[in-house]
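Single-structure report; data block below.
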Amino acid sequence: MENNSASGRLATYFHLIPVDPMNTTSNWLIWALLSAVFAAATAILAKVGLRDLPADPAAFVRTLLAALFLGLVILLSGKWQNPLHWGGSAWTWLGLSAVASALSWVCYFRALKTGSVSQVAPVDKLGIALTVLLAWLFLGERPGVPQFAGLVLMLGGAALIAFK
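Take any residue in the sequence shown, note its place counting from 1, add 10, and you have its number in the numbering used here.
What follows is the structure, encoded as structure tokens:
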């Protein structure tokens with residue numbers, strides 16, 4: 011029996027992307043590509059939304075709305091867990107991640123408020139290079155020569171785009 015309600019359509023939408031648990035390469039790649047699409051949309055939508063608003067309160071409201079939407083997605087997908095049952099270590103690391111995210115959003119929204127999206131977004135994406143470096147230093151991930159070459163190209167490309 012098909013569920014044609016709005017919540018049923020939303021739940022179906024988030025299950026449309028085929029995920030093969032045996033193919034971890036395609037799983038992460040699909041989600042990463044979708045993340046890039048939504049991140050690009052975020053920059054454009056935020057810039058338009060900031061036209062007549064101060065950056066910090068706008069970032070706060072956007073974050074609240076994002077949290078509500080994410081909660082809806084979790085509920086509709088049936089993946090809700092009681093966070094009170096999570097260990098203290100998870101809370102510590104997620105809390106630190108939340109602070110870093112909040113600071114990132116404050117800085118990003120302030121940059122979008124005064125700069126052009128086509129300049130702000132590439133500079134913001136320099137976080138990719140920092141992420142790879144931090145993953146190498148703290149998580150033991152070992153990028154190879156092709157990955158480092160790609161990072162150099164990304165850094166150069168971001169500089170060329172951002173500094174017209």
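All residues carry an ideal CB built from backbone N, CA and C; glycine is no exception.
Note that the structure is predicted; figures quoted are calculated from it, not measured.
Exercise for the section: Measure the Cβ-Cβ separation of Leu60 and Leu113 and say whether it is below 8 Å. Expected result: Reading the sequence shown from its first residue, position 50 is the one you call residue 60. Reading the sequence shown from its first residue, position 103 is the one you call residue 113. Contact: no.
Exercise for the section: Closer than 7 Å by C-beta to Leu43: which residues in its own chain qualify, once you throw out the five before and the five after it? Chain order, please. Expected result: Translated into positions along the sequence shown, residue 43 becomes position 33. So the list is empty, once near-sequence residues are dropped.
Handout entry: Alpha-carbon to alpha-carbon, Glu151 and Ala172
Key = Numbered from 1 along the sequence shown, position 162 holds the residue referred to as residue 172. Numbered from 1 along the sequence shown, position 141 holds the residue referred to as residue 151. C-alpha separation (whole angstroms): 29 Å.
Exercise for the section: Inspect the beta-carbon positions of Val127 and Lys174 and report whether they are closer than 8 Å. Expected result: In the sequence shown, residue 127 corresponds to position 117, counting from 1. In the sequence shown, residue 174 corresponds to position 164, counting from 1. Going by C-beta atoms, Val127 is not nearer than 8 Å to Lys174.
Handout entry: Pair within 8 Å by beta-carbon distance, Leu165 and Ala131
Key = Translated into positions along the sequence shown, residue 165 becomes position 155. Translated into positions along the sequence shown, residue 131 becomes position 121. No, the pair does not count as a contact, with Cβ atoms beyond the cut-off.
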